[in-house]
Amino acid sequence: MSWIYFFDLCGTSVFALTGALAAGRHRMDPFGVTVLAAVTAVGGGTIRDSIIGATPVFWLRDPNYIIVILATVLATLLLVRRPRKVPQYTLPLADALGLALFTVIGAQKALSLGLNGMSAVVMGLITGVGGGIIRDLLCRQIPMVLRTEIYATASIIGGIGYTVSLQLGMGPKVALWLAMLSTLAIRLAAIRWHLSLPAFDLKTKRE
Amino acid sequence: MSWIYFFDLCGTSVFALTGALAAGRHRMDPFGVTVLAAVTAVGGGTIRDSIIGATPVFWLRDPNYIIVILATVLATLLLVRRPRKVPQYTLPLADALGLALFTVIGAQKALSLGLNGMSAVVMGLITGVGGGIIRDLLCRQIPMVLRTEIYATASIIGGIGYTVSLQLGMGPKVALWLAMLSTLAIRLAAIRWHLSLPAFDLKTKRE
Amino acid sequence: MSWIYFFDLCGTSVFALTGALAAGRHRMDPFGVTVLAAVTAVGGGTIRDSIIGATPVFWLRDPNYIIVILATVLATLLLVRRPRKVPQYTLPLADALGLALFTVIGAQKALSLGLNGMSAVVMGLITGVGGGIIRDLLCRQIPMVLRTEIYATASIIGGIGYTVSLQLGMGPKVALWLAMLSTLAIRLAAIRWHLSLPAFDLKTKRE
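Heads up: the protein sequence lines correspond to chains A, B and C, in order. Residues 1 to 207 in UniProt numbering are what the first sequence spells out, letter by letter. Residues 1 to 207 in UniProt numbering are what the second sequence spells out, letter by letter. Residues 1 to 207 in UniProt numbering are what the third sequence spells out, letter by letter.
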């Protein structure tokens, strides 16, 4: 099993966890939990594969993704029974790890299909934030990625880092770790110190 | 005209009806009604065809789907004039019928394209619930499928029933009716007796 | 550079502007602004290319679209600093222009790929309104297109006008201008005089 593939299944599991926990906050039933876990976990990659034209999309060709999601949902339902037992930062932390993993995987897939560097960064971003955006839409919230602390920024910097590292001649594994750790570091720093970019504010008083 | 095709057009019509009625509850104009009817009717199948790679998607190749949707919208606008004349259960009942029809059609299409059984169940689910989820999102509601009585569950059981029946050697028509009627029966029972799976509840008091 | 291509980049820019202004009304950060501008600008065309099967979708093959979006966002962030300086009608006007441009481009692309006239009208509609619907969903609003004054109607009439004009033997450029100006005229008239189609109203008092 390659590193990339292992990371992909790990990212699938942590994003499935964030979807399942979000479902629990909205009191969904077990199948609602499964649906929300699944769209969070494979939503970004599904959009990526659909617009690249890599169809049937990855999880239709490899049943391991669905199996990982079902196992994660089962574990979440069995282990996370008391709301108070879920530490406040569980969801953001798991989300940051998934963001870092999926960003490099998306950029890597785009480059392996011969797309240019700019498209690779966008594909990393879509893979990283797409699932979370769908999760938030289904829970009727303005997606976290668009409003809160530095989030998309972390993915974009990671994607640029990955693409540039490769073009500078670094090995694929080095570039992957570098991009992943920098994405994770930026996102965790943003969570810890509530770092934000200045908002673009056109809100009028009457609104 | 094959059975499958006839069922597909019937499912398109009932889902278009649920979309049109939902649009009426939000006071949309006739073209908003048409758009909502259309996305409800062909939204799930469009996602299915896009991620399988069966493009151009089905309704671009066969104009009958658009014609059925337009006819359903016209009939709804002309016949359903008084709110009080719409019985309370019209929307859930039509929705249950569409769910049963589209579940087996989605699973059947996936199997006919050579996908594995697990993917066929997921494709049945996406075809069955995808349009309704988009409808609810456009009306700014947390999708019914994720919260209320047994819904996705009915589709999943129907999809498993269809796939397993075929593998046990039943004829395609028998498997189709069996899966469709069991999906419908489970969903109608859930509506009648308000059957629910226990919610996964992580909601904290302050929220 | 062909007329069609120039119009496409113009439409991309004005839709990116409407997305960026909408993001400002919801106090998003610069990357939220960029994401909202991008989905508004290329969302409709991305759905169109995905369901037609024209993958990788247009903006993955031609970096100019991403460049136009980034330039528009940068200009918006730098030039639009005071809320009071944005005239009330800026957003609807830019939106009307984008609608007219993208409607004819979508219909033109569908016809060039050999789809029938009915599908071409729908493709024009999806290209014209798809991005705006995603923009409104991400801002947690019931999409403008489904509720307010004549909007989808303008796109549909423009699409029918374009398709019929070509079948009557008019030149491509004449048909394009005719369809674009009629879409724009209908939409601007609807904004100016608050023209609406009668709503389909099933709303009950208790709701």
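Idealized CB from N, CA, C, for every residue including glycine.
Minimum C-alpha distance to Thr183 of chain B - residue among B:Gly114, B:Leu202, B:Thr153 and B:Leu195: B:Thr153
On the DSSP letters alone, give me the boundaries of the alpha helix (DSSP H) that Phe200 of chain A sits inside. Per DSSP, Phe200 of chain A belongs to no alpha helix (DSSP H) and is neither H nor E.
Alpha carbons only, please: which of C:Gly45, C:Met170, C:Ser196 and C:Ala41 is nearest the one belonging to Met123 of chain C? C:Gly45
List the whole-angstrom C-beta distance separating Thr103 of chain A from Gly171 of chain A, where the pair is believed to meet the contact cut-off of C-beta under 8 Å. That belief does not hold up - the Cβ atoms of Thr103 of chain A and Gly171 of chain A are roughly 18 Å apart, past 8 Å.
Would you mind sorting His26 of chain B into buried or exposed? The rule is 16 or more other CB atoms within 10 Å of its CB. buried
Please state whether the Cβ-Cβ distance between Val39 of chain C and Ile105 of chain C is less than 8 Å. no
Taking DSSP as the reference, what is the three-state secondary structure of Glu207 of chain A? Note that Glu207 of chain A scores a pLDDT of 42, beneath 50, so its modelled location is shaky; the value from the coordinates is reported in the next line. It is coil, neither helix nor strand.
Backbone secondary structure at Val57 of chain B - three-state DSSP: coil
Entirely enclosed alpha helix (DSSP H) segments - the region 127-186 of chain B, minimum 4 residues: 144-147 and 152-167
Under 7 Å Cβ to Cβ from residue 208 of chain A, same chain only, skipping five residues before and after it: list those, please. This structure cannot settle anything about residue 208 of chain A, because the visible part of chain A is limited to 1 through 207.
Return the residues of the UniProt domain "Glycine transporter" (6-79) of chain C that lie within a Cβ-Cβ distance of less than 7 Å from chain B, sorted by chain order. Ser50, Ile51, Ile52 and Gly53
Could you check whether the Cβ of Leu93 of chain B sits closer than 8 Å to any Cβ belonging to chain C? no
Quick one: Cα of Tyr5 of chain A to Cα of Thr127 of chain A, how far? 15 Å
Chain B contact residues for Met170 of chain C, given Cβ-Cβ distances below 9 Å: What Met170 of chain C touches in chain B: nothing, since even the nearest Cβ is about 24 Å away.
Apply the 10 Å Cβ neighbour rule to residue 213 of chain C and answer buried if 16 or more other Cβ atoms are within range, or exposed otherwise. It is not possible to answer for residue 213 of chain C, since the shown part of chain C is limited to 1 through 207.
With 8 Å set as the bound, which would you pick, yes or no: does the beta-carbon of Leu137 of chain B sit closer than that to a beta-carbon of chain C? yes
Taking the C-alpha atoms as reference points, what is the distance between Gly24 of chain A and Phe31 of chain A? 11 Å
Beta-carbon contacts of Ser165 of chain A that lie in its chain and below 6 Å, excluding the five residues immediately before and after: Ala175 and Leu178
What does the Cβ neighbour count give for Gln167 of chain A, buried or exposed, with the cut at 16 atoms within 10 Å? exposed
Please say whether Thr12 of chain B and Ile51 of chain B have beta carbons closer to each other than 8 Å? no
Is Ser2 of chain B helix, strand or coil when you go by DSSP? Here DSSP, grouped into helix, strand and coil, assigns Ser2 of chain B to coil.
Taking 8 Å as the threshold (beta carbon to beta carbon), is Ile191 of chain B in contact with chain A? No, Ile191 of chain B lies away from the interface with chain A (no Cβ there is under 8 Å from its Cβ).
For the alpha helix (DSSP H) holding Val73 of chain C, just list the boundary residues, first then last. Asn64 to Leu79
Using a beta-carbon distance below 8 Å, is Thr153 of chain A in contact with chain C? yes
Simplified DSSP assignment, three categories, for Gly114 of chain C: coil
Positions along the region 89-120 of chain C whose CB lies within less than 7 Å of some CB in chain B: Within the region 89-120 of chain C, the qualifying residues are Leu115, Asn116, Met118 and Ser119.
Counting C-beta neighbours from all protein chains within 10 Å, is the total for Ile67 of chain A 16 or more, i.e. buried, or is it exposed? exposed
Quick one: does Ile160 of chain B have its CB under 8 Å from some CB of chain A? Answer no: the Cβ-Cβ gap between Ile160 of chain B and chain A never drops below 8 Å.
Taking just the CA atoms, how far does Tyr89 of chain A sit from Leu195 of chain A? 16 Å
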